[in-house]
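Input: a single structure, listed below in structure tokens.
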Amino acid sequence: MENNPSSSRLDRKFIERNRRNQMKTLYHKLNSILPHQTSKAISMPDRLEEATNYIKTLQINLEKTKEKKKFLLETQRPNVNMKRSKKLILKSPKIEIHQIGLTLQVVLITGLDSQFLFNETIRILNEERLDIVNASYKVNKDSVFHSIHCQVQEEFGNGSARISERLNKFMHDY
């Protein structure tokens, strides 16, 4: 190791140049994901303040959305049916999954006011990249029988077990 002062000065310059380049890269990355409001050039401190305000707005919107979702789930959740004895009974949903070759059949049995469960089942099947060929339902007294037919890929393998686990977890959490 050298004790040459010019060598340490060059090291500091090199380190400082790398730090500035890294900050510039991070600033451009931040700038690229923010919405552009004006076409004029904005100073870096002003743009960083704009980014801070934008992130705070996103956080507030996220909280509002979570509250709205919670409210909607609470209003959707009571799947209550009146029986002759006039007792309130909560009807829990049931789901069955059958794989026959390259076809997957999902049968969902819900109460009359549980359309949300059907929508979430479709969403989960889409996330699993299944092609939904047909979806139908039949109402019988206080129950709705949904039948969803999906086309699976050849390499699907044990995917029906994974989907069954996801859907059952969702139904249990519901």
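Just so we're aligned: the sequence shown equals residues 1 to 174 in UniProt numbering.
The C-beta atom is built at its ideal place from N, Cα and C for all residues, glycine as well.
Since this is a predicted model, take the numbers as computed values, not measurements.
> Secondary structure at E96, three-state DSSP: helix, strand or coil?
Replying inline: Here the question's residue 96 lines up with position 96 in the sequence shown. Three-state DSSP puts E96 in a strand.
> With contact counted as at least three CB pairs below 8 Å, one residue from each stretch, are the region 116-125 and the region 139-153 in contact?
Replying inline: Yes: at least three Cβ pairs fall under 8 Å.
>> Taking only three categories from DSSP, how would you classify E49?
In response: Looking up residue 49 in the sequence shown gives position 49. Correct three-state label for E49: helix.
> What are the boundary residues of the beta strand (DSSP E) that K138 is part of?
Replying inline: Position 138 of the sequence shown, counted from the start, is the residue given in the question as residue 138. Where K138 is concerned, the enclosing beta strand (DSSP E) stretches over 131-140.
> If you draw a straight line from the alpha carbon of L90 to that of S164, how long is it in whole angstroms?
Replying inline: Here the question's residue 90 lines up with position 90 in the sequence shown. Here the question's residue 164 lines up with position 164 in the sequence shown. Only weak support exists for where L90 lies, its pLDDT of 48 falling under 50; the value from the coordinates is given anyway. Counting only the Cα atoms, S164 lies some 23 Å from L90.
> Can you tell me whether V139 is buried or exposed, with buried defined as 16 or more other CB within 10 angstroms of its CB?
Replying inline: As a working note, residue 139 is residue 139 in the sequence shown. Classification of V139: exposed, given that the 10 Å Cβ count is below 16.
> Based on the DSSP output, what are the partners of F14 in its beta bridges?
Replying inline: Numbered from its first residue, the sequence shown carries residue 14 at position 14. When beta bridges are read from the DSSP output, F14 appears opposite no residue.
> Pick from G159, S43, D131, D113: whose alpha carbon is nearest that of S143?
Replying inline: Translated into the one-based positions of the sequence shown, residue 143 becomes position 143. Nearest C-alpha to S143: D113.
> Can you name the start and end residues of the beta strand (DSSP E) that I148 belongs to?
Replying inline: Against the sequence shown, residue 148 aligns to sequence position 148. Where I148 is concerned, the enclosing beta strand (DSSP E) stretches over 143-151.
> Sorted by chain position, which residues of the same chain lie with C-beta nearer than 6 Å to N4's C-beta, five sequence neighbours on each side aside?
Replying inline: Reading the sequence shown from its first residue, position 4 is the one you call residue 4. Closer than 6 Å at the Cβ level, and outside the excluded window around N4, lies no residue.
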